[in-house]
Amino acid sequence: MRVVVDESVCTGHGRCYALAPEVFTPDDYGHCALVHAAGEVPDALADAARLGRDNCPEQAISLFE
Ligand code: F3S
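Under my numbering, the first residue of the sequence shown carries the number 1349, and numbering increases by one thereafter.
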């Protein structure tokens, strides 16, 4: 699974990295950054990635499975 965050849409709500810190992490400004290089998430963390996506109020997170 590949995770993409639209930086122009993320406003720093922080729900993604609060709920799924295995996948998402805050950058220096509290916006969403990705734990895994190029957003490539191992299968074992797919549910965590979906949880983060589903809880972003801005719908800034996209998943490609
Ligand atoms: Fe940004 Fe949404 Fe996370 S606004 S910090 S991607 S919950």
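Here a beta-carbon is modelled for each residue, glycine too, at the ideal position from N, C-alpha and C.
- Nearest to residue 1377 by alpha-carbon distance, out of 1366, 1359 and 1389, is 1359.
- With contacts defined as CB atoms closer than 8 Å, residue 1399 and residue 1368 qualify as a contacting pair.
- Collapsing the DSSP output to three states places residue 1408 in coil.
- For residue 1368, the three-state secondary structure derived from DSSP is coil.
- Membership of residue 1382 in any alpha helix (DSSP H) is not indicated; the residue belongs instead to the beta strand (DSSP E) covering 1380-1382.
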